[in-house]
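Trainee: The opening residue of the sequence shown carries number 0 in numbering that gives the first Met the number 0; numbering runs sequentially from there. Cβ atoms here follow ideal geometry from the backbone N, Cα and C, with glycine treated the same way. If you're wondering where the values come from, they're calculated on a predicted model, not measured in any experiment. Below: one structure in structure tokens.
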Amino acid sequence: MNHILRFAGSGRHGRSAAMLAVLLCLLAAGTALGQKPRRSQMKDSVALANVTVTGKSKTQRLREGALAVNAIDIRSLVNTLTSLNSIVDRTAGVKVREEGGVGSDFDLSINGMSGNSVRYFLDGVPLDVKGTGVTLANLPVNMIDHVEIYKGVVPTYLSTDALGGAINIVTHRKRQNYLDASYGMGSYHTHRADLSAQYVLKSGLTLRPTLGVNYSKNDYMMHGVEVWDEDSRRYVPSDRRRFHDDYLSLLGQLEVGVTDKPWADAFFVCASYNKVDKELQTNQVQSKVIGMAERQMDAWSLSAQYQKQDFLLQGLNASLSLSHTWDNSVTVDTAYRKYDWNGDYIYSARNEINGRGRSMRHYRRPLTVGRADLTYDLTPPFNQLQTGFSHQLNLSYAVNRTGNDRWDEADNTFDPADDAVTKHIVGLTYNQSLMDERMSNTLFVKDYINHMSIEQTDLPSLTGSGEVMGSTTKNYVGYGLGTRFRLADALQVKASYERSVRLPLARELLGNGTTIYANVALEPEQSNNVNLGLFGTWRPATGHTVYYEVNGFLRYVDNYIQPELSEKEGMLQYTNVPAVHIKGLEGEVRYDWQQRLQVVANISWQDARDRQRLKSDGKPSVTYNNHVPNRPWLFSNIEARYAFPRLLRQDDRLTVGIDHQWVHWFFLSWEGYGALDTKARIPEKSIMGAQATYSWADGRYNVSIDCQNLLDQTVYDNYKLQKPGRTLFAKFRVFLH
């Protein structure tokens, strides 16, 4: 072992090689431990062979469906998990790029499609209904059972217009009383508390409270930032702490309802409140320092969900929901100051964020979402039992209306406006299972109706508000199919295709009042998405399980919506790139030994390029065949966990884990602009992490510690913004049931 580590620890890639050596040793140990001792002689005249019964978890069944989907079981990770971002970021084909520390904006990409091309759901309902301040980064992890990540093709029951994929977060639905509470604290004055519970009254009424609180000062060290030096009379690179980046988020909700009634399998009413206070330290350019501006958001939400099997007629299952959200935000930027990384400032004639006049910009964005999902089983019960065939028909409808009432308390030149964006999405799906589930197929068609009512007129040359005014309605059609065939458990194939449409979000069309300009002339994205996968489960010996998956994909996107950065102002604006082609390949291997040793490794390659040869004026495009900027194209992850049961007592368990992330460098802006040797690049990222959890009383009490960026590397991420260095987080969790 020592010889292996000494050899692996030398050379250019020592850390990765050392980690690989450790993993190989763990695998060898697991295999050795899994072998049974030989008997010297047989004392019994009759020996009964061991019988091993294996079942598939919900996440495994999802992976083996007809669509390209990853599924993550959160229950086994909740003790060390600080946010969903950290675990989703380690999934094959998925990359999360944050703009700073806790509570910072982030960009999530799936198979090369990122940002708003990816939609987020909570139990099949858009996550936006909780308020725009609720994200994967601050959602209470204790409430989550598993996460579904759909790539390219999104099932119609989600009733969405996602282009690159969707993430559906599925919460616990236990049929028992329980209390799950945790508190953690960590580096940079970070604190997190989560609570999830269920209590069933004797009357049958069920109460489900949830609470999540996050706070951080984010006062981590910034390395190599430019600071004015009086002696040399020039800017010199220095190390300085962030000083204006406090973040506070609060989410509280209460679900009240009943289950297993003659008139409803489940009916729940939910009320929730979300609040976010965020100080702003930089825009999308970290050389521009902000010392006073801040953003505040709060949202109230009221919703109802109804589920019933054999709804109105036998074989018809219904899922209905309706919600309304009162979502408000204000961005305060009233200081005429110019800050530096020392925390010093000089007086200026302009505000901090965009170099304009004083502003106290209010946005009121009411959101109404209605959904109906009906599934009818076309297969008579006797036919299903005798032939192994099943057939289902699914009809879904969703309406989503977002208002945009805005005004400014400080800027008298700002014209108030009340815009609205309404989407109607109808989906029809036919599902079939053949040959005792050896083969499954799905075919679907979707209709997208987009209605806009635009009143704003400010900055018409920049926002396009002079061209798009009044009320407009447009219609688009999408369709697709998927298939999966099982030759054996160890060899299965799947393929899927979708002609998809993604309507621009209110945030892209109308801006966010802080760092994003409006662009009301945006066109919807449309794409042909193709996926082809090979996967299987192999059990070479008792207790050993290997799951592998290899996927290839193509995305041919028209009117690709890309955020463009103005480095002078540090502001973003979403624009259309006429044609972008994306191709990629990804692979993942999972190994499990008796639920004690788990090893996961994956690698992803994604090649996204601009395919517009000529500009609108007929001249050759400088960016033709360029990589889409600010997008990682090659990255990998590897992680391992080992559990020691009954370490000190009969009901305890110690779990230790390590992980490594690597991302190839990529360009910040288009390759065709300027000289390649002087272009801004987001450097290569290579970081390690380690975790340890000790549980006792059969998982009732849990203590964990998590260390990210173990070697304290200087790491840059989205828009070349610097992330925290070494981060420690300790957590205590109690689970009672």
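Pull up the distance between the alpha-carbon of ASN474 and that of GLU436, whole angstroms please.
Mentor: So the two alpha carbons sit approximately 37 angstroms from each other.
Trainee: State the Cα-Cα distance for the pair MET296 and ASN273, rounded to the nearest angstrom.
Mentor: For MET296 and ASN273, the distance between alpha carbons rounds to 8 angstroms.
Trainee: Determine the direct distance from the alpha carbon of ALA674 to that of SER668, and round the result to whole angstroms.
Mentor: Straight-line Cα distance between these residues: approximately 12 angstroms.
Trainee: Give the list of continuous beta strand (DSSP E) stretches no shorter than 3 residues that lie fully inside the stretch 217 to 285.
Mentor: You should have 220 to 228, 233 to 240, 246 to 260, 263 to 278.
Trainee: Among the candidates TRP695, PRO682, ASN708, ASP697, whose CA atom is the shortest distance from the CA of ALA689?
Mentor: For the residues TRP695, PRO682, ASN708, ASP697, the minimum Cα distance to ALA689 belongs to ASN708.
Trainee: Quick one: Cα of ILE581 to Cα of ARG498, how far?
Mentor: If you take the alpha carbons of ILE581 and ARG498, they lie about 15 angstroms apart.
Trainee: VAL599: which of GLN313, LEU315, SER635 sits nearest, CA to CA?
Mentor: Ranking the options by Cα distance to VAL599, first place goes to SER635.
Trainee: Write down every uninterrupted run of the alpha helix (DSSP H) in the stretch 106 to 131 whose length is 4 residues or greater and which is fully enclosed by it, in chain order.
Mentor: Runs of the alpha helix (DSSP H) inside the stretch 106 to 131: none found.
Trainee: Measuring alpha carbon to alpha carbon, tell me which residue in ASN282, ILE424, ARG506, ALA607 is nearest ASP404.
Mentor: Taking only the C-alpha atoms, the option nearest ASP404 is ARG506.
Trainee: With DSSP collapsed to three states, give me the class of VAL133.
Mentor: If DSSP states are grouped into helix, strand and coil, VAL133 belongs with coil.
Trainee: Please name the residue, chosen from SER215, ASP238, ARG239, GLN306, that lies closest to LEU247 on a Cα-to-Cα basis.
Mentor: Among SER215, ASP238, ARG239, GLN306, the Cα nearest to that of LEU247 is on SER215.
Trainee: Starting from GLN295, trace the beta strand (DSSP E) both ways and give me its first and last residue.
Mentor: Note, GLN295: beta strand (DSSP E), 293 to 307.
Trainee: Here's the rule: buried if 16 or more other CB atoms are within 10 angstroms of the residue's CB, otherwise exposed. What is ASP230?
Mentor: ASP230 should be labelled exposed.
Trainee: Mind checking who ASN316 pairs with in its DSSP beta bridge?
Mentor: ASN316 pairs with THR374.
Trainee: For GLU522, does the count of other Cβ atoms within 10 angstroms reach 16, so buried, or fall short, so exposed?
Mentor: Classification of GLU522: exposed, given that the 10 Å Cβ count is below 16.
Trainee: Just list the residues that DSSP pairs ALA674 with in beta bridges.
Mentor: None; ALA674 has no bridge partner.
Trainee: Kindly say whether GLU63, judged by its beta-carbon, lies nearer than 8 angstroms to any beta-carbon of chain D.
Mentor: You won't find chain D in this structure, because it holds only one protein chain.
Trainee: Counting pairs of beta carbons, one from the stretch 251 to 268 and one from the stretch 296 to 307, are three or more of them closer than 8 angstroms?
Mentor: Yes, the stretch 251 to 268 is in contact with the stretch 296 to 307.
Trainee: Could you please give me the residues that DSSP links to GLN721 through a beta bridge?
Mentor: GLN721 is bridged to TYR715.
Trainee: Kindly list the residues whose CB is nearer than 7 angstroms to the CB of PRO628, restricted to its own chain and excluding five residues on each side of it in sequence; keep chain order.
Mentor: Correct list, in chain order: PHE666, LEU667, SER668, TRP669.
Trainee: Are the stretch 570 to 584 and the stretch 602 to 622 in contact at 8 angstroms, needing three or more beta carbon pairs?
Mentor: Enough Cβ pairs lie closer than 8 angstroms, so yes.
Trainee: So, do the stretch 197 to 209 and the stretch 77 to 89 have three or more beta carbon pairs nearer to each other than 8 angstroms?
Mentor: No, because fewer than three Cβ pairs between the stretch 197 to 209 and the stretch 77 to 89 fall closer than 8 angstroms, the two stretches do not touch.
Trainee: Starting from the N-terminal side, write out each stretch of the alpha helix (DSSP H) that is 4 residues or longer and does not extend beyond the stretch 469 to 557.
Mentor: Complete alpha helix (DSSP H) runs here, min 4: 505 to 509.
Trainee: Are there 16 or more other CB atoms within 10 angstroms of the CB of PRO236, so buried, or fewer, so exposed?
Mentor: It counts as exposed.
Trainee: How would you call PHE734, buried or exposed, if buried means at least 16 neighbouring beta carbons within 10 angstroms?
Mentor: So PHE734 ends up on the buried side.
Trainee: Quick one: give me the first and last residue of the alpha helix (DSSP H) that LYS57 is part of.
Mentor: Counting along the chain, the alpha helix (DSSP H) containing LYS57 begins and ends at 57 to 62.
Trainee: Between the alpha carbons of GLY698 and ASP259, how many angstroms are there, rounded?
Mentor: Each residue's Cα considered, the two are about 29 angstroms apart.
Trainee: Which residues share a DSSP beta bridge with ILE681?
Mentor: BP columns for ILE681 point to PHE665.
Trainee: What number of angstroms, rounded off, separates the C-alpha of MET112 from the C-alpha of ASN141?
Mentor: When rounded, the distance between both Cα atoms is 29 angstroms.
Trainee: Any idea what DSSP makes of ASN353, helix, strand or coil?
Mentor: Here ASN353 sits in coil by DSSP.
Trainee: Using 8 angstroms for Cβ pairs, my map puts ALA91 next to SER603. What's the rounded Cβ distance?
Mentor: That belief holds up - the Cβ atoms of ALA91 and SER603 are roughly 6 angstroms apart, short of 8 angstroms.
Trainee: Please work out which residues of its chain come closer than 8 angstroms, Cβ to Cβ, to SER286, disregarding the five sequence neighbours upstream and downstream, and give them in chain order.
Mentor: If we look at SER286 and ignore the five residues flanking it on each side, its Cβ neighbours are VAL224, GLU225.
Trainee: By a C-beta neighbour count over all protein chains shown, 10 Å radius and 16 as the cutoff for buried, is TRP262 buried or exposed?
Mentor: So TRP262 ends up on the exposed side.
Trainee: By the 10 Å Cβ neighbour count, where 16 or more other Cβ atoms means buried, how is LEU22 classified, buried or exposed?
Mentor: Model confidence at LEU22 stands at a pLDDT of 41, short of 50, so the residue's coordinates are unreliable and nothing is read from them.
Trainee: Distance check for LEU250 and ALA180, CA to CA, integer angstroms please.
Mentor: So the alpha carbons of these two residues sit roughly 14 angstroms apart.
Trainee: Comparing C-alpha positions only, which one of ASN137, TYR693, VAL68 sits nearest to ASN78?
Mentor: Checked all of ASN137, TYR693, VAL68; the closest Cα to ASN78 is TYR693.
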